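See below for the structure under consideration.
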Amino acid sequence: MVESIMVNWVYVILLFILGFITYYRKSLDLFGTAVMIIMGIVIIFSAGTNWLLLIVLFLVMSLLATKYSKKYKQSLGEFEGRRTSKNVISNGVVACFMAAFGGYYLPFVGGFIGAIATATSDTLASEIGVLDPHPRLITTLQKVDPGTNGAVSMLGTSVGIIGAAIIGIAAYLLGIMTNPLLALGVAIISGTVGCFMDSILGALFENHGWLTNEHVNLIATIVGALVGILLL
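Okay, so the sequence shown: first residue is 15 according to the numbering used here, each after it adds one.
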């Protein structure tokens, strides 16, 4: 018991180091870094370090995807740069809630994976998909400019599905879900559904100023979590 607590505190220290790195690298602002650390501590002591590692995997993939082709994204006006607490909360609060109560209600494990898979799929689809010069609006299929809210492309969709699959494989390897096919299926299906929901909300509401990007991300992760719960 004492050894387990000591291990948890070691991970807390590592979490602070990760927070310092993300802030120093200008990936998150100060408040965003603080929120990330707080959510990480909640997950460590409620669900365990393996659950935290799955979120860290999402964070690393997201940061790499954001930095990829930075100059080209800047030329399009689509480089997001330093993210804020709103980004952290909208992408992570649902997963944090699922992790906190996953030990009391088994389907929340699927909800956790679904939320992370959605956030990963959406982020990769957005950050890499913007490089596709021929996106189409998900609601009308008309051609639109790269970076348009609600735009989808073969590149973005493919990368999003791959990102969700990586989360599913990692969830199995980390022992969060013991059935590899189920873990992969939950991640891919919930992540893809959540990602498409993000695009639909972006096309219908964000483009008209009725929802912000953070609202859309939050709703999408909720949908992804619900799909994960139902699949489990």
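Virtual Cβ for every residue (Gly too), placed ideally from N, Cα, C. Only a predicted model underlies this, so the values are computations on that prediction, with no experimental measurement involved.
Nearest-angstrom Cα separation, counted from residue j out to residue i
i       : j       : result
Ala-54  : Val-107 : Looking at the sequence provided, one finds Gly at residue 54 rather than Ala. Approximately 10 Å, taken between the alpha carbons.
Thr-153 : Val-49  : 34 Å
Thr-192 : Gly-170 : 29 Å
Thr-9   : Ser-83  : Any answer about residue 9 is impossible in this case: the structure gives the chain only from 15 up to 246.
Phe-115 : Gly-62  : 12 Å
Tyr-186 : Leu-195 : 9 Å
Ile-69  : Phe-126 : 10 Å
Trp-23  : Ser-140 : 35 Å
Phe-210 : Gly-238 : 10 Å
Leu-155 : Leu-29  : 43 Å
Ile-27  : Gly-46  : 18 Å
Phe-219 : Leu-32  : 35 Å
Asn-221 : Val-241 : 25 Å
Closest Cα partner of residue i within the set the options
i       : options                               : result
Phe-72  : Leu-225, Gly-182 and Pro-160          : Gly-182
Ala-113 : Val-70, Glu-220, Ser-60 and Arg-97    : Ser-60
Pro-147 : Asp-159, Met-211, Gly-189 and Ala-139 : Asp-159
Ile-236 : Gly-208, Ile-52, Gly-216 and Leu-225  : Gly-208
Gly-189 : Ile-31, Leu-67, Ser-76 and Asn-101    : Leu-67
Leu-215 : Gln-156, Leu-187 and Leu-151          : Leu-151
Ser-41  : Leu-78, Leu-28 and Asn-64             : Leu-78
Cys-110 : Lys-85, Tyr-119 and Trp-65            : Trp-65
Ser-76  : Ile-58, Asn-101, Thr-63 and Ser-213   : Asn-101
Leu-198 : Glu-228, Ala-131, Thr-226 and Phe-30  : Ala-131
Lys-85  : Asn-227, Glu-220, Asp-212 and Leu-145 : Leu-145
Val-74  : Ile-57, Phe-210, Arg-39 and Thr-226   : Arg-39
Met-44  : Arg-97, Leu-28, Leu-29 and Ile-27     : Sequence inspection shows Leu at residue 44; the Met mentioned does not correspond to that position. Of Arg-97, Leu-28, Leu-29 and Ile-27, the residue nearest in Cα terms is Arg-97.
Asn-231 : Leu-240, Thr-137, Asn-221 and Pro-149 : Thr-137
Expected contact under 8 Å - CB spacing of residue i and residue j to nearest Å
i       : j       : result
Ser-99  : Thr-206 : Not confirmed; about 27 Å, so no contact.
Ile-243 : Pro-121 : 4 Å
Gly-117 : Leu-246 : Not a contact, Cβ separation roughly 14 Å.
Val-173 : Gly-143 : 7 Å
Val-166 : Ser-104 : About 20 Å separates the two Cβ atoms, so there is no contact after all.
Tyr-37  : Ile-58  : At roughly 19 Å, the Cβ-Cβ gap does not stay under 8 Å, so Tyr-37 and Ile-58 are not in contact.
Residue interval of the alpha helix (DSSP H) (run including residue i)
i       : result
Ser-99  : 99-115
Ala-129 : 121-143
Val-230 : 227-245
Met-168 : 168-187
Val-158 : Note, Val-158: premise wrong, no alpha helix (DSSP H); not H, not E.
Pro-194 : 194-215
Met-50  : 44-60
Leu-71  : 63-81
Closer than 8 Å: residue i CB and nearest the ligand ADP heavy atom
i       : result
Ala-109 : As for the ligand ADP, it is missing from this structure, which has no ligand bound.
- Task: For the stretch 195-202 and the stretch 176-184, state whether three or more C-beta atom pairs, one from each stretch, are separated by less than 8 Å.
- Result: Segments in contact, yes.
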